[in-house]
Structure formats: structure tokens, C-alpha cells
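One structure below.
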């Protein structure tokens, strides 16, 4: 027993550690038939020559022979070594076939993974064992790949392909004729997981087509592409022979791509070793494709969001064939495009593969070669144009609507790289780094207009209007360096600072020409709401933006909540705000307004007590404005007054815009608490200070200041001080009424009407207001002025109709923007006072029951109405009249 134990090899008693290796299985096709044709002697000599070729190649490519039957099992350390061996093997077989005047073809399968390797004892080798043994799942998978292959074909698994393709530059001059193909995912008998299958081969030698299905391997495809379904489809195709010939023979792309379909651009595979290409060509490829109105490119920001939903880190996730295909399927993109740059035989080749995401199969690829760095952008232009044509875009459109990349962006690759990194930093929320990188791009190319446009966006978002205008003006001066879409985009951005009416038309045009440019539709929606008070049209624009696979979906959901609330569609508004919250974006004041507008103050109180919302809210003027509105809405006038005073005291100087906005709110509420203009000298004082502040103001800041002046003038006229209002009309009437600012024009008409009413001309007031478009775009104050004018005229039924409109349109009272919400507390107060006016008007019309109901409603809304002296007097007077009628 001891003797036997001592004679056993030591290796049999130690643990064998797995090692990562690449296995290659080669098999001569139809070798048995070959022996039958040639005879034993001739075939044996031919096989000896074949074996010498294989062993010479193994030695040249540092491979190791493991086993031999009709073919070879060989082992390599790296996939690129195995691929190089297989390519040379197929070429040598072709040469040997020519020399021997017989057909020698082989199938080759390559796979990489962990294997167990051990050397047999000399005694076992002497008894017929192989020198080296290799075991592991890698071997049967390589065998399945080899069996699946067509004669002359080299098949690889996906992991082998990824590693070999990345190192393909090591193939040297052969790379010029080497082609890679993806053939989809196959299910191998006995292997539990699907295996993506790829092919590598040289043009003229390899089949470069998908291998047929077999009993041991079949490709996973949608049911409609399986043989039975294909047979049915063939019958249907034959039935379609009656379709006119022009339709039958119309050129169509190889992938089912339609106008305005979407594509994903994967990460650039840079095989040159030049790091300057890493980010620059990725950006250039996108810019080139984005010039198309036929092809839509999913934005980098939307791609990053989808990667997060896939529970991956967007900073570390490479968008390759597998990841890009999953993103495409999730976001409904039709194709994945994988760009590559490589240096082949002294030439620089740019290639783009179009991949079907459902099968991960390369449908086709386009490439262009050039010499030197200066050839890269022209090559990229050529590839982009070829892709657009293959995806079904008309040649005339590609030619007329495209600029070379050096004209649409910059020819400086370092500037492109800085721009791309800047955009990435911005998308990550690092605005400071983004600005620094974009400014570096400008240093490298001062006329890089697209870079300046994005700098202007950063300045705009940070409130630095003057700097944003400066950058936009410089971009406009070099607009010949912009694509057609980006040129129109800069015009629209610049118009936003000039006149809302012109900006509205620019953004309409941009959204119409590029309906899948989500930023155009979302900005159009914002302008329609903020500057034109057109809630219905804004809702339609947000719907268009959401359909365009917008990366700002959270913002679109929250903004939709604002718009639906403004239309008193409370349930829809709440749903949109909740969706935005789920996506990580809070609009706390606007969401709280949904409950306030419905007088659900218990829910409002709970929301305002939420610390997370309170931390998100901040202490800006808009938020303070909302708090004041909530207090006024509940009749808590003393609390509102104290909060307003505290908010003003927290601002360091009266010259700050925030202070002036709070002061405008203060004078409007002060006028409500007073019985006549004589008791509110603060109103004309505020108007004078605002008019003085108008000097030197421009663009958006001037528009908002003018609105505050007109709003205060309306409040003064409402309280009987028409003189100050008339002075304002004389000074600002021409500018405010020129149509550039739709909201200003409507506010101007309200002031003019209120002056006429206060001067004893209610008919003129009504005529002025009825000339306005009363289609939902009119200001909330329009109905206040109409109610007062009808009442002054003695038309109580018409006045009552306006009072009821005001009482039921509380969402609009809360959600009109009006120069940063400056009229919101006043509007909200009017929505309550309108209920008191309902009671008074109902009584004047003999509707005692209606008057009692409305008065009871008002008392519930403002239980402590004594806080406002003129209200308490009206309530007491009305109650006495009711008591007299019912007593």
C-alpha cells in the first residue's frame, strides 16, 4: 500500500488553483471525406504538413498545444494572441490548400475564462496520457463555438471579443483587412446562460455572416423573427406584391429606422493611445449627429439618468454594446451607435457600428480613413453623413442642413475635449468646474460659439445676467460657427433677454423645427406661462417636452403641477408634484399651494411642518411670498404682517431686488387694510422709488420693475389715488403697451381701467377690459377690475358673475407668475374678498338665502375678520341688512 502511494504523482494530492486563460479549438471541416478522396497515405502526409503549420504558428504567438485530434486544442494567455493565431491559421490553410490542390478549411472557436491546468506524471504520459490537462467550462463553450462556426469561420464569445477588440492594434498591418461582426446571443446545449457570439475574420477569407442554427446551438431572437414566424411573414410579403413598384423598390435602411427615431451613442473606443481623442471625438460625434432633424440623439444627461435607474454609477459605467443596448431598450431608442478610432498601417480610421439593441447584432458599420490628426474631424464628418443616409435621411437634407464639424463646433481637439468635460461636469452638478473647463475651451478657440452658448447658460442659471448677455452677444457675432439648430437656439436665448413676445416666437420656431429638442419645448412652456399667462398652451408644450425623452423629466413633472394648479385641476397637479418628488425634485411652495387653493389647510400645515421640505425651501423671496399668501388666505393678517416685516429686515439693503419685491407685496396688502388712498402714502412713495430704480435697468430686471410700478399704480387707483397712477401711465404707457411684454400690456390695461372707474367712468373701464383677450391668458386682476367696474355701473348680475369667477379660480390666484409672484398675496386675498362681495351682490339682487350662504362661507374663511377694519365694517353692515330681512 505504501509503495503504491509513493508511486502516485504528487500533483494528485494538492489543490489546483484556477488560472485565467484563452482556449482555442480548431477543427478541419469534412476531414473524413477528405481521407476518403485522397487515400490514407496522401491524407496522412497532408495532415502532417497541417500539424507543422499549426505548431509553427503556436510558437510564433506564444500558444501552448494541449490536445490534438482532427484539429487542435491550444491555450493562450491573452485573447488577442489567440485571435492573431486564428487569423494566421486561416490564411496559412488557404495557402496550403492552394499548394496541395485540395480544399482545407477549419472551424475555430475561442473563449476565455478560469481553467484548471496540470501536468501529468511521466509514468502516465508513457502510458498514453497527454502532457498537460485542461478542464473547466471554458473548454465545452469553446467547443460549442467551434461546432457552430461555418467552415473558414472564427467565432468568439463576448468577453473574448471585448478584450481582443480593445487590443486589436497589436494585429499590425493585418488590421486593415480584419473585420469584426456580432451575430447575436445563442443558447448552447448544456450551457445555462445565453452566449453573445462574435466573429473575427479577414475580408475575402472569412464568411462574415451569422452561422446557421443547429441542434446544439440556436440564436435567441424575437418570436416574429423565428423560422415559423418568418414563413408567415414571407407569405405576407409575397401578398404585398401588389404595392406600387416605387414603394417596393424604395431604398430603406438596414435597421427599421423611421424619421425622428432615437439613437444612443456609446463611448468612443480609442485604440490609438492618443488621450486627446478620448473626450473630444465623443463630443464631436454627438454634435455632428445632432445637426440632423431625422436622427435624434439621446442626450448625455438622459443617458446618465437611465444608468442610475440601472443601479450603476454613471461616472464609472462604460457605454459599450451590452450597456448601450440596455439603455436603448429602456428609453425606446431604435439603434446603438458605437464609434471607434484606430491607427492602422499609418492611417487613422474612424468607424461607427450601428447595433440592433434587441439582438446586440451589428447591422452595419461605416468607416473613413485619413492621414494624421488633421484628418480625424473630416473622417468623422464623412462617417456621420454615411450613417444618416443609411438611417434613411434624404441626401439633399444631409447636404443642406449640415456643417463640417470644424464649422459647427471647433477644429481644435483640445478645445472640444475641454468642452466635453465641461458639459459632463455641469451634468454632474459641478458648475464651478464646468465653467472653468468651458472657459479653457474658449482660450483654445476664441470663436468656439457653442462653448460660449453653454457658458451663457451657466451665467443665466446663476443670475449673472450681464455676463450671460456678453457671452451670447459674442456667440451671435460668430454664429457662422454654429449648426443651424444651435444658431436658432442662440437667437432664442438672446431674445429671452430682450422682449418676451419676440422670444416666444423664436422658441416656437425652434420647438416646431426640432420637436425632439426637449429644451426648446420646455423653455417655450416656461415663457408661455411666465410672460404670457397662457396655461393651456404651456401644458401642451410640457407634454411635447416629456415625449422628447427629456433629461429634465423631474422638472417637467413639477412644472406641469404648477400649470395644472393654475387651471384648478387639483388632482392632476398633486399627481405631477408627487411624480417630481419621486424623481428627486421638490417644488414645496407650489405643491403646498395645491392644498391651500382647496382650503385644505390641515394638509398644508402638515406639509409646511416637514423638515425635509423646509430645508429644501430656503429663504428666498419667492418662498417668503408663498408663506405670506398662506397666512393671508387663512385670515391671519397679523401673522402675515409680522412675517413680512421680519423677511424685509433679514435683507441687508433696501436696494436689493428681494427687498423691493417684498415692499411691493407690503404696499398692496397695506392698501387692502385701508379704506382710502389718503391712508396709504406708502404706495406713491414706493412707486417713486421704483421709478428711480428703473434707470439703468434692462431686459428681465427692467420688465419686473415696470410690472411692480404698474401693480402699485393699480392699487393706488383702486384706493382712489388716480393722480399717481395717471403719472405712471404717462411715463411708462408707451413702453409697457408696445406688445413686447404681454403681461405688461395686460397690467397696463388694468391700470387704465381702474383709473377710469375711480374717476367715475365705469363704462370706459369695462370697454378697456373687454378689449383684452378674455381667453384664460388675462390676469387675475382683470376680473377684480371688471367686478368693481360692473358694480360701479350698477350691473350687479355681471359683477356677481365676476365675483364668483374670482372665488372659484383660486389656483390661478396662486400660480400666476406676475414678476416673481409679486401680486400673489393680493390675488389670494381677493379670492376671499370675492366671497364677501358675492354676499353683498346677492342681497342687492334679492337673493337673501344666497347672501347668507356666502357670508357664512366668508366667516369660515376669515374667522377673525376684525384684523381688517374695512372688512369688519362691511360684515357688520351686511349682517344688519340680513337681520332686517329675516327678522
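In the numbering used here, the protein residues as written are 292 to 1178.
Virtual Cβ for every residue (Gly too), placed ideally from N, Cα, C.
Take residue i and list the residues in its own chain whose beta-carbon comes closer than 8 angstroms to its own, dropping the five residues that flank it on each side.
i            : result
residue 978  : 1000, 1003, 1004, 1007, 1015, 1019
residue 1167 : none
residue 958  : 971, 973, 974, 977, 1003, 1006
residue 1165 : 1127, 1131
In this structure, does DSSP put residue i in helix, strand or coil?
i            : result
residue 509  : strand
residue 626  : strand
residue 461  : helix
residue 736  : coil
residue 669  : helix
residue 643  : strand
residue 655  : strand
residue 745  : helix
residue 697  : helix
residue 1091 : helix
residue 397  : strand
residue 587  : strand
residue 422  : coil
residue 409  : strand
residue 1141 : helix
residue 533  : For residue 533, the pLDDT reaches just 43, beneath the cut-off of 50, and the residue's location in the model is therefore unreliable, leaving the point undetermined.
residue 564  : coil
residue 1147 : helix
residue 911  : coil
Where does residue i land, buried or exposed, given buried means 16+ other C-beta within 10 angstroms?
i            : result
residue 1029 : exposed
residue 1058 : exposed
residue 307  : exposed
residue 459  : buried
residue 986  : exposed
residue 751  : buried
residue 575  : buried
residue 896  : exposed
residue 1121 : buried
residue 880  : buried
residue 796  : exposed
residue 947  : exposed
residue 922  : buried
residue 1012 : buried
residue 1045 : buried
residue 403  : buried
Please return the same chain residues whose Cβ sits closer than 7 angstroms to the Cβ of residue i, not counting the five positions on each side in sequence.
i           : result
residue 472 : 489, 490, 499, 653
residue 811 : 798, 801, 802, 805
residue 592 : 718, 842
residue 596 : 842
residue 743 : 733, 762, 765, 766
residue 396 : 320, 384, 442, 443
Opposite residue i in the DSSP bridges: which residues?
i           : result
residue 390 : The partner list for residue 390 (beta bridge, DSSP) is empty, contrary to what the question assumes.
residue 442 : Its beta-bridge partners do not exist; DSSP assigns none.
residue 492 : 470
residue 365 : 315, 356
residue 553 : 587
residue 447 : 401, 489
residue 344 : DSSP output for residue 344 lists no bridge partner at all.
residue 634 : 639
residue 476 : 487
residue 310 : 406
residue 660 : 640
Between residue i and residue j, how many whole angstroms is the CB-CB distance? I'm expecting something under 8 angstroms.
i           : j           : result
residue 487 : residue 476 : 5 angstroms
residue 445 : residue 492 : 6 angstroms
residue 643 : residue 657 : 5 angstroms
residue 648 : residue 619 : 4 angstroms
residue 725 : residue 716 : 4 angstroms
residue 318 : residue 398 : 5 angstroms
Looking only at its own chain, which residues have a Cβ that is under 6 angstroms from the Cβ of residue i, when we skip the five neighbours before and after it?
i            : result
residue 321  : none
residue 674  : 641, 643, 657, 659
residue 383  : 344
residue 1127 : 1149
residue 1147 : none
With hydrogens ignored, establish whether the beta-carbon of residue i is closer than 7 angstroms to any heavy atom of the ligand FAD.
i            : result
residue 1039 : Inclusion of the ligand FAD in the displayed structure is not the case, the ligand content being empty and no account of it being possible.
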